[in-house]
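A short worksheet on the structure shown next.
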């Protein structure tokens, strides 16, 4: 009986990979519904897949299967430093995505743990709205609140000019730290 349970878990994890490779991001709840198991089982399955070196990332939009490097179009990328109050996060993110730039993550420097990085992965206003709604509905705090509003973002775009334009707008809004 243990063997059949193990086999069904293996089969389920293979199916999770197929779904994530074809249509991620997918939430744990959606994967649980499709698999007819609890969300906790999905969390455990994802942990096992990550431990077996599958490139799965948990984001605010759901789980994402990260394609191996080299399979996507080259992007312009830059890490920027910003500072603002928590209630200005939506304005900051929408300002960036309006220039065709994606925000990959937020990074803060914690006095005990060092650099803490969390994926954001927003590239449209809808994704920003979903991210803000999730923060609000879970009553989570922004990582930047650990550092008085100072945080870094990794920005990606199809060309450097889009990032330059977004940074100019951030500076004009008083969000970009340059000194």
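In the numbering used here, the protein residues as written are 726 to 904.
Ideal Cβ positions, reconstructed from N, Cα and C, are used throughout, including at glycine.
Given the structure is predicted, the values throughout are model-derived calculations rather than measurements.
- Taking the CA atoms as reference points, residue 848 sits about 11 Å from residue 830.
- Secondary-structure assignment with DSSP links residue 881 through a beta bridge to 802 and 827.
- At least 8 Å separates the beta-carbon of residue 812 from that of residue 872.
- Residue range 850 to 863 is occupied by the alpha helix (DSSP H) that includes residue 858.
- Residue 766: member of the alpha helix (DSSP H) spanning 764 to 776, first to last residue.
- In the three-state reduction of the DSSP assignment, residue 759 falls in the helix class, which pools H, G and I.
- Taken atom to atom, the span from the alpha-carbon of residue 805 to that of residue 885 is near 13 Å.
- In the pairwise beta carbon analysis, the stretch 861 to 876 is classified as not touching the stretch 817 to 825: fewer than three pairs are separated by under 8 Å.
- DSSP, reduced to helix, strand and coil, places residue 787 within a strand of the structure shown.
- CA-to-CA, the gap between residue 855 and residue 739 works out to about 28 Å.
- Here the alpha carbon of residue 774 sits roughly 39 Å from the alpha carbon of residue 890.
- Between residue 791 and residue 782, the CB-CB gap stays under 8 Å.
- With a cutoff of 8 Å on beta-carbon distance, residue 761 and residue 788 are scored as not near each other.
- When beta bridges are read from the DSSP output, residue 839 appears opposite 835.
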